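Under the numbering used here, think of the first position of the sequence shown as 1, with each following residue one higher.
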Amino acid sequence: YQRRVREAVVSTQSTGKFACFEKTVELLYKHVVPKPRSDCSKLEQLAVTFTAGYIAGVFCAIVSHPADSIVSKLNANPGGGVVSAAKELGLAGMWKGLAPRIIMIGTLTALQWFIYDSVKVAFRLPRPPPPEMPESLKRKLAAQ
């Protein structure tokens, strides 16, 4: 039973990382980076990848932390159930240790995406098409 809870937490965290990473890349190019991805250097693109990876890691650390805390409690007390572990931890206990987890998961996720994208760049493997630049940004750049 405890193993299934842990598998659900890991599965949710992995899925969340991918979804958050992709959406963050899209939003960074749309609202932060002042030019289309196709005009960015490889280094600039890798910087966006690292940033989006870190944001995705932070998001997943926050989302999965309470469930992971409960799983840790279950591992420490194998006879207990999910509800009893949650009650024993309390709301504050489920969030204890979040800051170091954010630093750890954020950094690891950023590095994972950075290495993955670096390999694709190094071997000239295809990358997903860049999102379309908003019209307002196109007009702003044209006016300069």
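Glycine is no exception: its CB is placed at the ideal position from the N, C-alpha and C atoms.
Quick caveat, the model's predicted, so the values are computed rather than measured.
Contact between the region 12-24 and the region 70-80 is absent: fewer than three C-beta pairs spanning the two stretches fall below 8 Å. Contact annotation, I115 with G57: C-beta distance approximately 14 Å; criterion of less than 8 Å not satisfied. Closest in alpha carbon position to L111, among S14, A92 and T51, is T51. If you look at K73, you'll find it in the alpha helix (DSSP H) that goes K42 to A76. Under the DSSP assignment, R139 falls in the alpha helix (DSSP H) whose first and last residues are E135 to A143.
With a cutoff of 7 Å on beta-carbon distance, R101 and A61 are scored as near each other.
Distance between P126 and S118, taken at the CA atoms: about 12 Å.
Straight-line measurement puts the Cα of V71 at about 16 Å from the Cα of A92.
Taken atom to atom, the span from the alpha-carbon of D39 to that of V32 is near 14 Å.
Between V48 and T109, the alpha-carbon positions lie close to 13 Å from each other.
Shortest Cα-Cα distance from K120 to any of K42, A143, E88 and A142 involves K42.
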